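Peer 1: One structure, as structure tokens, below. Some questions next.
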Amino acid sequence: MILDSSNTTPGAPGNHDTPGPALRRRAAVCPYCGVGCRITADVVGERIVNITADKQAVPNYGMLCQKGATLKSPGIWDASGRLKYPMMRRRRDEPLRRATWDEVAEFIAERLHAIRAEHGRDACAFYGSGQLDTEASYVFNKLFKGSLGTNNMDTNSRLCMSSAVSGYIQSFGCDGPPTSYEDLFEAEVYLVAGANMAVNHPVLFNMMRKRMARRPHVKLIVLDPRRTQTAAAADIHVPLVPGSDVAFLHLISRRLLDRGRVDEAYIAAHTEGFDTYRDHLMSLDTAALLTECDMDEAVVDRVVEMLARPARLLSLYCQGFNQSVRGVDKNTALINLHLQLGEIGKPGAGPFSLTGQPNAMGGREVGYLCHQLPGYRFVTDDEHRAAVERHWRLAPGSISPAPGLSAVPMFESLSRSEVKAIWTACTNPVVSMPDTATTRAALQRAELVIHQDCYHPTETGRFADVLLPAAQWGEKTGTMTNSERLVSRSQKLFDAPGVAMPDWWIAARIGRAMGFDGFDYVTSEQVWDEYRQLTAGTLCDQSGITNARLASGPLRWPCPSEDHPGTVRRYDDGEFPTPTGRARFITATAAGADETPDDDYPMVLTTGRIAGQWHTRTRTGKVPELSREDPEPFVEMHPADAKALGLRDGHPVRIAGRRGAAIAKARITAGIRRGLVFATFHFGDGYAAGVNINDLTNPAFDPISKQPELKYCAVRLEPVPVSEAGDSDPVPAEATHDG
Ligand code: SF4
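Numbering (this note's numbering) for the sequence shown: 60 to 798.
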């Protein structure tokens, strides 16, 4: 469902052109996906009475999907489901009790200092989120990497797009997409790979569909093992075997090479490594590649035919590429194709990685992964550390030169009692990490668990020694960057309940309690000002994006001065920020997934999202309208697989893997490959015991990006006798996770 504000009529709800005195109109940014839709919220008192979007304004031109359109739903704001006051316990055998900010800040400061003194600075860790705004990520970065001196700071963005980060850096010398949404209106061929945009980036997909309807020459190719809603709209659906993306891209690139579809002039002027890449492609056995992809050669022929004629090619990709032990290879193989064809740096062309979370891009810019520093700097670079230390007024050597622990090793280290204390914020790793048994054991074993959230209870909050109440979207002012480098300010609509505070405020409050300098911020605008100045002269320069400019509207970086208009498209001059100024062809030679099916686990499980839910449902689970379509966990499977198991649609199934098992209802569809099953990761133990699909998923990760292989693990399916699952509901009885 797409809400299109251009369809509303004057006088109807959503068209308060002359708001009355009690009605306030505020500009905000949707807190869900990386499309970054801007929202107009009409507010009366502490209540949103209407949500629309400006049809003239970037990036969503009046459109919102069902998640954005239901942000006024009472369940989201109901105080009974909120964490309103700090809570703490001094000993694990005590119940959590309400505390004041002073008490809880003093306790955290005392415990972190003690753990640091006894076990060293790397005994503390922070695990955050691409849903934190830039101001919060910046202050946490300053607290952990600067003042505490540990780079053990990572976020759930490690799970969704760190392979895209590494891919861009390997190929272009710099993270961040070359493209913007304006390229959606210029492209002639869309290549969507590993992304179900119709579900996960629905507003962007709607823009593409509108363009394809108006311009029949514009075509869509979709690479996906499932016939998703996106694939169903494609001119060519390529039903890849999971894990064969690199083989397919090599096959296509080779076939195009054979046909002379190579932009020799672009390659000669702006790239390096082409000879090695071409030699590698020419050495490949195309028949073997076709076998690896397990598809009809006619499908390959059609894709080659479509790409063989000059046309502006825009590739859009997401977790299907990134969540893999070969995630970086998949990214660079696709970028190689663009370089080969010269389809980059011009309108409607380029490799465009989509972000899943609303501020995943902003988090990358602020450097919230364990090897990064603000402004696309790296902890391993002496000059980068020195520049950040100067800006933070820290003594030289305060920032460690060693990368910290990324997400999976961080929780593994905690489970071995090497890391002793963890602070989680704005994320629910007990549901979202791969191999959640390890995550639970890690939190159980930790000496100190601090969890910061706007909702309570959550699966992760149950392990906490300290709960810190955070203001949620609409209750704070903050800045986020969407998939296209567009930096937007989301305004506060009303106060948070109880004493909940913005995430940046909480980090600063603890920094002061620990006796550190540089945390005396009073407003989020002060934080932003300090951050934007630190980006001056960097590859993601946002120094020209002042608070005053953000109050008038969003801007795309690079934006290096206060009169700079922002940058729609990068690399249009063919200059790349590599030592030679050239983009690099990266030749990937490794192959395969981390684990393979066998007699015990003969099928492959892949995971993903559904349209109505967001991550672990802590917010969307409170909106009844969003649960109508898919109210409970399901597992998609091919009719032949269902028949072999004696399963009917809706029958409960136990999905068993090498690390755990989960129960879901069978959903039988011919739109999935035989031997492959699909389940969502939204449902955690708080919804019902034994339904968390991440109990099964594989924590093995890409050696470069450290992104785990959430999209591929070996499983077997077992029908569950209905009597075991309950008399009337085959899925275990619903618990009360969300109050
Ligand atoms: S497309 Fe994404 S950003 Fe836009 S309304 Fe939907 S969830 Fe929000």
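Here a beta-carbon is modelled for each residue, glycine too, at the ideal position from N, C-alpha and C. Computed from a predicted structure; not experimentally measured.
Could you give the distance in angstroms between the alpha-carbon of alanine 223 and the alpha-carbon of leucine 82?
Peer 2: 43 Å
Peer 1: May I ask you to report which of helix, strand or coil DSSP gives glutamate 59?
Peer 2: With the chain represented from 60 up to 798, any question about residue 59 goes unanswered, as that position is not in the structure.
Peer 1: DSSP state of leucine 299, grouped into three classes?
Peer 2: coil
Peer 1: So with Cβ pairs under 7 Å, would you call alanine 647 a contact of chain B?
Peer 2: Checking the listed chains, one finds no chain B in this structure; it contains a single protein chain.
Peer 1: Does methionine 696 pass the burial test, meaning 16 or more other C-beta atoms within 10 Å, or should it be called exposed?
Peer 2: buried
Peer 1: Compare the beta carbon distance of threonine 665 and phenylalanine 737 with 7 Å and say whether it is the shorter of the two.
Peer 2: yes
Peer 1: With a 10 Å radius around its C-beta and 16 neighbouring C-beta atoms as the bar for buried, classify arginine 452 as buried or exposed.
Peer 2: By the neighbour-count criterion, in which 16 or more other beta carbons inside 10 Å mark a residue as buried, arginine 452 falls on the exposed side.
Peer 1: What does the alpha-carbon distance come out to for the pair alanine 306 and threonine 345?
Peer 2: 9 Å
Peer 1: Please specify which runs of the alpha helix (DSSP H), each continuous and at least 4 residues long, are wholly inside the region 300-381, giving them in chain order.
Peer 2: 304-317, 323-329, 333-342, 345-352, 356-367 and 378-381
Peer 1: Which one or two residues does DSSP pair with asparagine 259 in a beta bridge?
Peer 2: Beta-bridge pairing links asparagine 259 to no other residue.
Peer 1: Using the Cα positions of glycine 208 and isoleucine 458, report the straight-line distance between them to the nearest angstrom.
Peer 2: Going by the C-alpha atoms only, they are around 5 Å apart.
Peer 1: So, is alanine 699 buried or exposed, given that buried needs 16 or more other C-beta atoms within 10 angstroms?
Peer 2: exposed
Peer 1: Short check: CB of arginine 180 to CB of proline 556, under 7 Å?
Peer 2: no
Peer 1: Check for me: the alpha helix (DSSP H) holding threonine 391 runs from which residue to which?
Peer 2: 386-400
Peer 1: Alpha carbon to alpha carbon, how far is proline 72 from threonine 111?
Peer 2: Note that proline 72 scores 38 on pLDDT, short of 50, meaning its location in the model is unreliable; the coordinates nonetheless yield the value given after this. Whole-angstrom Cα-Cα distance: 9 Å.
Peer 1: For proline 433 versus glycine 422, is the C-beta spacing smaller than 7 Å?
Peer 2: no
Peer 1: Would you kindly work out how many angstroms separate the C-alpha atoms of lysine 405 and serine 230, rounded to a whole number?
Peer 2: 17 Å
Peer 1: Under 7 Å between the Cβ atoms of histidine 450 and valine 438?
Peer 2: no
Peer 1: Look up glutamate 477 in the DSSP assignment and give the residues it is bridged to.
Peer 2: The partner list for glutamate 477 (beta bridge, DSSP) is empty, contrary to what the question assumes.
Peer 1: Which residue comes first and which comes last in the beta strand (DSSP E) that contains valine 627?
Peer 2: Note, valine 627: premise wrong, no beta strand (DSSP E); not H, not E.
Peer 1: Applying the 10 Å Cβ sphere with the 16-neighbour rule, what's the burial state of threonine 159?
Peer 2: exposed
Peer 1: Just checking, does the region 565-577 make contact with the region 161-171 on the three C-beta pairs under 8 Å criterion?
Peer 2: yes
Peer 1: Would you kindly work out how many angstroms separate the C-alpha atoms of arginine 151 and arginine 718, rounded to a whole number?
Peer 2: 27 Å
Peer 1: Please check the pair glycine 253 and cysteine 352, which I expect to be a contact at CB under 8 Å, by giving their CB distance rounded to whole angstroms.
Peer 2: The pair is not a contact, with the Cβ atoms about 14 Å apart (cut-off 8 Å).
Peer 1: Where does cysteine 219 sit, in a helix, a strand or coil, going by DSSP?
Peer 2: Helix.
Peer 1: Where does alanine 715 land, buried or exposed, given buried means 16+ other C-beta within 10 angstroms?
Peer 2: buried
Peer 1: Residue ranges of each beta strand (DSSP E) run of no fewer than 3 residues wholly in the region 415-470, ordered along the chain?
Peer 2: none
Peer 1: So does tyrosine 120 have its beta carbon nearer than 6 Å to some heavy atom of the ligand SF4?
Peer 2: False, no ligand heavy atom lies under 6 Å from that Cβ.
Peer 1: Excluding five sequence neighbours on each side, which residues of the same chain lie with their C-beta closer than 7 Å to the C-beta of leucine 343?
Peer 2: His309 and Arg313
Peer 1: According to DSSP, is valine 781 part of a helix, a strand, or is it coil?
Peer 2: In the displayed model, valine 781 falls within a helix according to three-state DSSP.
Peer 1: Using the Cα positions of glycine 187 and leucine 218, report the straight-line distance between them to the nearest angstrom.
Peer 2: Cα-Cα distance, rounded: 11 Å.
Peer 1: Which of helix, strand or coil does DSSP assign to isoleucine 727?
Peer 2: strand
Peer 1: Kindly indicate the opening and closing residues of the beta strand (DSSP E) around tyrosine 197.
Peer 2: Careful: tyrosine 197 lies outside any beta strand (DSSP E), inside the alpha helix (DSSP H) at 193-200.
Peer 1: Can you find a heavy atom of the ligand SF4 that lies under 6 Å from the Cβ of valine 258?
Peer 2: no
Peer 1: Select from Gln672, Val467 and Ala607 the residue whose C-alpha is nearest the C-alpha of phenylalanine 760.
Peer 2: Val467
Peer 1: How far does the beta strand (DSSP E) with serine 549 in it reach, from first residue to last?
Peer 2: Residues 545-549.
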